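> Residue numbers (this note's numbering): 6 to 144. Sharing a structure here in structure tokens format.
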């Protein structure tokens, strides 16, 4: 279980195996990528940055977001494998995806994500520091 300070729930990433990809599908949204993430994705796909940017990203002012495709059920990330119901870039997914469901606006995730478990007590700062330190030491 993953817990983060300021959230009244924990997340069990094992639930992703049986999920239909609610975090990747549904309403339109932006998955922002920075330059480092763009380069990681280029390496992953063995493609140059210009081709990658043109085919996989939408530009909004000076920012880039992963493109979406319209489906009969709404929108989905272009990297979502709708047949296998999983992320095709999971090992190099952007930081924004790695932080799901711990986003500022959690209302939709709270209703859809099967990995969310509400806590009896909010995350304690001392406990969170201890757990983070343990994770760091073991990585």
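Every residue gets a Cβ at the ideal spot worked out from N, C-alpha and C, and that includes glycine. Fair warning: this is a prediction, and the values are worked out from it, not measured in the lab.
1. If you draw a straight line from the alpha carbon of residue 89 to that of residue 25, how long is it in whole angstroms?
2. Quick one: measure Cβ to Cβ for residue 84 and residue 71, integer angstroms, because I've assumed they're closer than 8 Å.
3. For residue 79, count the other beta carbons within 10 Å of its own beta carbon; 16 or more makes it buried, fewer makes it exposed. Which is it?
4. What's the call for residue 73, buried or exposed, on a 16-neighbour Cβ count within 10 Å?
5. Would you mind reading off the limits of the alpha helix (DSSP H) that contains residue 71?
6. Does DSSP put residue 88 in a helix, a strand or coil?
7. Determine the direct distance from the alpha carbon of residue 33 to that of residue 52, and round the result to whole angstroms.
8. Is it true that the CB of residue 97 sits closer than 8 Å to the CB of residue 46?
9. Would you check if the stretch 110-124 and the stretch 11-26 touch, i.e. whether three or more CB-CB distances between them fall below 8 Å?
10. Below 8 Å on the Cβ atoms is my guess for residue 36 versus residue 101; work out the distance and round it to an integer in Å.
11. For residue 92, which residues of its own chain have a beta-carbon under 8 Å away from its beta-carbon, when the five flanking residues on both sides are left out?
12. Verify whether the separation of the beta carbon atoms of residue 38 and residue 62 is less than 8 Å.
13. Taking the runs of the beta strand (DSSP E) that are 3 residues or longer, which of them lie wholly in the stretch 10-81?
With the structure as the only source:
1. Mapped onto the chain shown, residue 89 falls at position 84. Mapped onto the chain shown, residue 25 falls at position 20. So the two alpha carbons sit approximately 9 Å from each other.
2. The residue you call residue 84 lines up with position 79 of the chain shown. The residue you call residue 71 lines up with position 66 of the chain shown. Indeed, because the Cβ distance is near 7 Å, the residues count as touching under 8 Å.
3. Numbered from its first residue, the chain shown carries residue 79 at position 74. Result: exposed.
4. For this step, residue 73 is matched to residue 68 along the chain shown. Looking at its Cβ environment, which holds 16 or more other Cβ atoms inside 10 Å, residue 73 is buried.
5. Locating residue 71 in the chain shown gives position 66, where the first residue counts as 1. First-last for residue 71: 68-71, but that is the beta strand (DSSP E), not the alpha helix (DSSP H).
6. Here the question's residue 88 lines up with position 83 in the chain shown. Residue state, collapsed to three classes: coil.
7. Start at 1 with the first residue of the chain shown, and residue 52 comes out as number 47. Start at 1 with the first residue of the chain shown, and residue 33 comes out as number 28. Going from the Cα of residue 52 to the Cα of residue 33 covers about 26 Å.
8. What you label residue 46 is simply residue 41 of the chain shown in a count that begins at 1. What you label residue 97 is simply residue 92 of the chain shown in a count that begins at 1. In this structure, residue 97 lies closer than 8 Å to residue 46 by Cβ.
9. yes
10. Taking the chain shown and counting its residues from 1, the one referred to as residue 36 is at position 31. Taking the chain shown and counting its residues from 1, the one referred to as residue 101 is at position 96. Confirmed, Cβ separation roughly 5 Å.
11. As a first step, residue 92 must be located in the chain shown, where it is residue number 87. Closer than 8 Å at Cβ, skipping near neighbours: 26, 29, 82, 84, 85, 86, 98 and 102.
12. The count along the chain shown starts at 1 and reaches residue 38 at position 33. The count along the chain shown starts at 1 and reaches residue 62 at position 57. A contact, by the Cβ cut-off of 8 Å.
13. As far as the stretch 10-81 is concerned, its whole beta strand (DSSP E) runs of at least 3 residues are 14-16, 62-65, 68-71 and 73-76.
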